[in-house]
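In this note's numbering, the protein residues as written are -4 to 1066.
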């Protein structure tokens, strides 16, 4: 970067002052008793900006929408200088509350027109505006004439040809103004088109008039829409619609049915979304040619602002919304990675773009022309109305004023005006080519503090790079000049102009694909992007330092195709007149659930009770009562076929699924199993009678300490697959179990058992009790204290295995769990010694869920593959910045309080919100009456050294799934590929040299949000690169809240069978 702004640090962008640009638009807020936040909640939602050439001089002009102030139209004079022609052009909007703006040639006369969405607090001033271009820099308002003078709280418009009849139709986004609905409640969903906040679909009648056909076209789902975007999600060449909705209203994903109608398939494609959905963009960011979605919300990045706005956990509200049919929603930005027929995986936290404060406009755009999309996000909110202290104070003052007969409206207005929020910088991220982004806001010179809303990009000065225009509240609009072209060796680029049909002159709905020596990129032609705005119709691709020619292919909405080879650093014009019909193989991406369970009569639903751990222990990071179901395999009746055991949950029995000769399964209940919560199970021959018996671990956190329902069980096989519980065979173990593993650890010819304690019930994170059970002719004796006292309370164990790690023909015990390292106990002369530290494993503490022991690199030494929480989480931890729990009875009420800390911005802070902390430890409510001092307090201020002096302390320093390679005397950690880090791993299976990984976890608290991004992974290990490789073309799939899995043989097929919490078994054929 060679530019220096004001003699300072060199940056990619420089802010062009209004004195130079001539752009003095300021979306100034002028609150009054009649127009304020309490009267009109959308008052600070800001305005948009549209780019478009209105006079066909080749320079793109700018239109800014004003809320209380009038809108402005600026004519581009070149060299980033603009002329205000608002008055002379006839586009004044004084007195109207204008939101989104679109620039489009609506009447096919060769000149761009301007459509403005209008809302506001005044019912008689909400008709949308359509300014028809007269061709001489003047316009005539004609919305009523065209039938587009909608007056229903419009947010924004998007013009597209939804029915592919050649002309442009319009989707109109709506944002209701309360309309008598209490948005703090879980209201009944309205999905029949009758809601006042239902969006509109205007069909172009072909005669310069439009008709609202929303109801007959299937646009039926209510919402408070703040963002809308168009793309072809299923590759059938028909445009689909993504709608980002505010508050509890579900986002909508309307799939085009190719017959003039749409179907909302958001629940099929999306596992969760943002809750306060604002702007949205719908383009491919990772160059896999599939359109992804970014949606912004309002989670701050820094601790102070987070603690000011985070209130109670509200699990009841969340749970009720799910029961009412709403999609899970969380207050953070969402980055939905398109996985083709699998739907989306939300990876915003992995990507590092999930918290950009109160955000508005997200935009994928290659600002540095390096061949990958960057992400720019605007943010800011004029008044600090989300502050809990403000919310509590204003509510109280209004109540007092009303009781005293005073003017509560004026009092509220005065309070609102006194609560200025601070200006923050917008965010700029560059893509790292591994599903993650890096913050380059300051580096690129984009850190000016503002209250920003709509934004657009265009090459305004025709110098071959993209400039940025941003609409601000109470500040001049910002024009950022991109100085990329001024570098000594500027990056290579290609600009593309589409010349379409007369009725669709810029080719809206076209796909442009470029291929430069294997670097593939795609752009979907649409002008409505981000928030309330329109971007340039000129398409821009960057290629970095590679100057080789690029193959360019355009697929027009009609299906016609043109492919050309182009030099770079020029503007390529593609005209539909040169396109040809192309015989095309149907490449439609059909969304499927991928589950083959019914084909094999394996459609078993694992019921789960609704016990909520957070009601008793609000500080828990996740529910500990939903570890199952477990699944294990074995030949229970000696017919040579794989049968299955599927565990139950408290109140629901376990089941045996026995394979028939035709490859189907019969299901029956396991007797005496209904009262327990099964967390693990294993088939083995307990009594050496030649058949396999069944050991089932009982766990969970929902029962009190020493409850009989924590007793593990042993079921003996009669040789025919019938099982009877043997209560006398096991010692009394009224402790919560997390894992079991069998091995002949005393070398007497029968199999003994390790029982891993999960936790001390309702005393998280106190460790559970673990056992070594010696098999004495079918009866088991607890010999733990004799063989290894260190093992009794070693940790919160979730997984275990036996394996000979050092090739001495004696198996070691390998265990892992929550806040634990991978822990190894070596059998030394019949005693078990902890050798974790000497093996180099003690420095990797995580929330481990699953282990596989396998010689991955074929060097003769067993390695360890360990599944952890993954990196797609709010907890970004490292050895230097761990996640820590300090557990003790802080308020002396007989209850363990697991207070946790994390690092935010390099400083240690308490993890919990004020409301959550004091809901378990009431004493903190007295110490911190308001949120302000709590937000300012350091961790030491809240939990001093003296206070935590006798606390039980555990730390986790990695959540990465990891391969531990065995070097003979120690293990070396190798992190699994970034693709796999998107969700927790719960199972690792191997078949025919391939590794099959599955997981997810929905048992989280509602601020963290459920982990649901995994659809399963097939991996192979490459000895040439000494790393795992993700099989991109694999047909393996494992979707849902998976907690366990096995691979079984069914005839000549291999099936991966996955156990899903509160769901059907998920079955996938592997061959």
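Ideal Cβ positions, reconstructed from N, Cα and C, are used throughout, including at glycine.
First through last residue of the beta strand (DSSP E) which encompasses residue i
{"i": "residue 379", "result": "First-last for residue 379: undefined, no H or E at that position."}
{"i": "residue 1101", "result": "In the structure displayed, the chain extends from -4 to 1066; residue 1101 sits before or after that span and is not available."}
{"i": "residue 555", "result": "Taken as a continuous stretch (DSSP letters only), residue 555 belongs to no beta strand (DSSP E), as it is neither H nor E."}
{"i": "residue 569", "result": "566 to 570"}
{"i": "residue 959", "result": "957 to 961"}
Cutoff 7 Å: residue i Cβ touching any chain C Cβ
{"i": "residue 143", "result": "Within the model displayed, chain C is absent; a lone protein chain is all it includes."}
Residues bridged to residue i (per DSSP)
{"i": "residue 919", "result": "Answer is none; residue 919 lacks a bridge partner."}
{"i": "residue 453", "result": "462"}
{"i": "residue 170", "result": "Answer is none; residue 170 lacks a bridge partner."}
{"i": "residue 151", "result": "168"}
{"i": "residue 393", "result": "None; residue 393 has no bridge partner."}
{"i": "residue 276", "result": "289"}
{"i": "residue 826", "result": "823"}
{"i": "residue 692", "result": "675"}
{"i": "residue 719", "result": "711"}
{"i": "residue 19", "result": "Per DSSP, none; premise fails for residue 19."}
{"i": "residue 984", "result": "991"}
{"i": "residue 812", "result": "792"}
{"i": "residue 847", "result": "860"}
{"i": "residue 617", "result": "999"}
Status (buried if at least 16 other CB within 10 Å, exposed otherwise) for residue i
{"i": "residue 1015", "result": "exposed"}
{"i": "residue 578", "result": "exposed"}
{"i": "residue 753", "result": "buried"}
{"i": "residue 522", "result": "buried"}
{"i": "residue 2", "result": "In this prediction, residue 2 has a pLDDT of 44, which is less than 50 and means its spatial position is unreliable; what the coordinates show is noted afterwards. Counting Cβ neighbours within 10 Å, residue 2 comes out exposed, since fewer than 16 surround it."}
{"i": "residue 1035", "result": "buried"}
{"i": "residue 832", "result": "exposed"}
{"i": "residue 950", "result": "exposed"}
{"i": "residue 151", "result": "buried"}
{"i": "residue 502", "result": "buried"}
{"i": "residue 611", "result": "exposed"}
{"i": "residue 304", "result": "buried"}
{"i": "residue 664", "result": "exposed"}
{"i": "residue 412", "result": "exposed"}
{"i": "residue 600", "result": "exposed"}
{"i": "residue 169", "result": "buried"}
{"i": "residue 381", "result": "buried"}
{"i": "residue 461", "result": "buried"}
{"i": "residue 922", "result": "exposed"}
{"i": "residue 724", "result": "buried"}
{"i": "residue 454", "result": "buried"}
Residue j beta carbon less than 7 Å from that of residue i
{"i": "residue 164", "j": "residue 198", "result": "yes"}
{"i": "residue 442", "j": "residue 465", "result": "no"}
{"i": "residue 414", "j": "residue 378", "result": "yes"}
{"i": "residue 696", "j": "residue 858", "result": "no"}
{"i": "residue 180", "j": "residue 517", "result": "no"}
{"i": "residue 537", "j": "residue 364", "result": "yes"}
{"i": "residue 341", "j": "residue 428", "result": "no"}
{"i": "residue 47", "j": "residue 22", "result": "no"}
{"i": "residue 328", "j": "residue 292", "result": "yes"}
{"i": "residue 652", "j": "residue 660", "result": "yes"}
{"i": "residue 1009", "j": "residue 978", "result": "yes"}
{"i": "residue 592", "j": "residue 1050", "result": "no"}
Residue i: CB within 6 Å of a non-hydrogen atom of the ligand GTP
{"i": "residue 671", "result": "Absence of the ligand GTP is noted for the structure shown, with no ligands found whatsoever."}
Boundaries (first-last residue) of the alpha helix (DSSP H) holding residue i
{"i": "residue 263", "result": "261 to 264"}
{"i": "residue 405", "result": "403 to 412"}
{"i": "residue 373", "result": "Looking at the DSSP string, residue 373 is not in any alpha helix (DSSP H); the run it does join, the beta strand (DSSP E), is 369 to 374."}
{"i": "residue 302", "result": "298 to 304"}
{"i": "residue 83", "result": "81 to 84"}
{"i": "residue 318", "result": "310 to 318"}
Entirely enclosed beta strand (DSSP E) segments - the stretch 88 to 147, minimum 3 residues
92 to 99, 108 to 114, 124 to 128 and 134 to 136
Alpha helix (DSSP H) runs wholly inside the stretch 871 to 955, at least 4 long, in chain order:
909 to 915, 918 to 922, 926 to 931 and 934 to 937
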